[in-house]
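Participant: Here my numbering is used: position 91 in the sequence shown is 588, and no number is missing along the way. Ideal Cβ positions, reconstructed from N, Cα and C, are used throughout, including at glycine.
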Amino acid sequence: MVPALANTLLATLHLFLLVFFSINIHIVWHFLCVNLFTKQEQNQQKLRNAVSDVSKEIGRYYNELELEKKLGAIEEVEQAECQCCGMKEDCTTVYITEVQECYCGKWVCGLCSEVVKERVGRSPKVAMQDALNSHRDFCQEYNATTRLNPQLSLTLSMREIAKRSLENRKSVLSITKLSRAISYP
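1) So, under 8 Å CB-CB, residue 577 and residue 565 are touching, yes? Tell me the CB distance rounded to an integer number of Å.
2) In this structure, how does DSSP classify residue 626 when only helix, strand and coil are distinguished?
3) Near residue 682, what residues of its chain come up, given a Cβ to Cβ distance below 8 Å and the 5 sequence neighbours on each side ignored?
4) Quick one: Cα of residue 633 to Cα of residue 581, how far?
5) Assuming residue 601 and residue 629 form a contact by the criterion Cβ under 8 Å, report the distance between their Cβ atoms to the nearest whole angstrom.
6) Considering only their Cβ atoms, is the gap separating residue 584 from residue 606 smaller than 9 Å?
7) Once the 5 residues before and after residue 597 are set aside, which same chain residues still bring their CB inside 6 Å of it?
8) If you drop the 5 nearest sequence neighbours on each side, which residues of the same chain put their C-beta closer than 6 Å to that of residue 592?
9) For residue 665, I'd like the list of residues in its chain whose CB is within less than 7 Å of its CB, leaving aside the five on either flank, ordered along the chain.
10) Look up residue 609 in the DSSP assignment and say whether it is helix, strand or coil.
11) Grouping DSSP H, G and I as helix and E and B as strand, with all else coil, what is residue 637?
12) Taking its Cβ as the centre, do 16 or more other Cβ atoms sit within 10 Å of residue 613, making it buried, or is it exposed?
13) Bridge partners for residue 588 per DSSP, in chain order?
14) If you draw a straight line from the C-alpha of residue 637 to the C-alpha of residue 651, how long is it?
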């Protein structure tokens, strides 16, 4: 009976070991799977966080670039004084440079530039520099008389009108005298 008992005991032990190892293997397998999936999920979460952080950094960098572009587009403004009339305007340095290139290195306001263009366009023989000088002289004379003493300016204007009227009468009379002299010998 001892051998039968030994066989039964051995079979029971074998079964016990089989069940024990099976359970342990199952537990180990479950532990490994849970840890692996947990690690994998943790890795995926870390990857998502990294992508999110990178996208935030890219967005912040892009916003900084946009701000720099806007600030770069806003140029500093300088005050420029017209070389003819003395009027002052706030202009960008690029605009000041463009105007100076057109008008012999002098900055001229919009109104004076139109007058100078008209003088140059009226007679092609007048150079840009001469038109600028002529208009500058006119502006200086105007500022010296009209602005300082308006009554004197009115008097001078009336005097100029009277002179022109007298000159026109003299020229009309001389033309009519010539025509009579020619027609009646």
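Facilitator: Working from what's here:
1) The residue you call residue 577 lines up with position 80 of the sequence shown. The residue you call residue 565 lines up with position 68 of the sequence shown. Wrong, their Cβ atoms sit about 27 Å apart, outside the cutoff.
2) As a working mapping, residue 626 is identified with position 129 in the sequence shown. For residue 626, the secondary structure class from DSSP, reduced to helix, strand or coil, is helix.
3) Taking the sequence shown and counting its residues from 1, one reaches residue 682 at position 185. With a pLDDT of 47 at residue 682, under the threshold of 50, the modelled position of this residue cannot be trusted; read the value that follows with caution. Residues of the same chain with their beta carbon placed closer than 8 Å to that of residue 682 are lacking, with the five preceding and five following residues left out of the count.
4) The sequence position of residue 633 within the sequence shown is 136, counting from 1. The sequence position of residue 581 within the sequence shown is 84, counting from 1. One Cα belongs to residue 633, the other to residue 581, and the distance between them is close to 4 Å.
5) Residue 601 sits at position 104 when you count from the first residue of the sequence shown. Residue 629 sits at position 132 when you count from the first residue of the sequence shown. Right, their Cβ atoms sit about 6 Å apart.
6) As a working mapping, residue 606 is identified with position 109 in the sequence shown. As a working mapping, residue 584 is identified with position 87 in the sequence shown. Between residue 606 and residue 584, the gap from beta carbon to beta carbon is short of 9 Å.
7) Here residue 597 refers to the residue found at position 100 of the sequence shown. The answer, listed in chain order, is 604.
8) The residue you call residue 592 lines up with position 95 of the sequence shown. Same-chain partners within the cutoff: there are none.
9) Reading the sequence shown from its first residue, position 168 is the one you call residue 665. Residues of the same chain with their beta carbon placed closer than 7 Å to that of residue 665 are lacking, with the five preceding and five following residues left out of the count.
10) Within the sequence shown, the letter at position 112 stands for residue 609. Three-state DSSP puts residue 609 in a helix.
11) Position 140 of the sequence shown, counted from the first residue, corresponds to residue 637. In the three-state reduction of the DSSP assignment, residue 637 falls in the helix class, which pools H, G and I.
12) To locate residue 613, count along the sequence shown from 1; it is residue 116. The residue is buried, with at least 16 neighbouring Cβ atoms inside 10 Å.
13) Indexing the sequence shown from 1 puts residue 588 at position 91. Partner residues in the beta bridge of residue 588, as assigned by DSSP, are 575.
14) Counted from its first residue, the sequence shown places residue 637 at position 140. Counted from its first residue, the sequence shown places residue 651 at position 154. The C-alpha of residue 637 lies about 17 Å from the C-alpha of residue 651.
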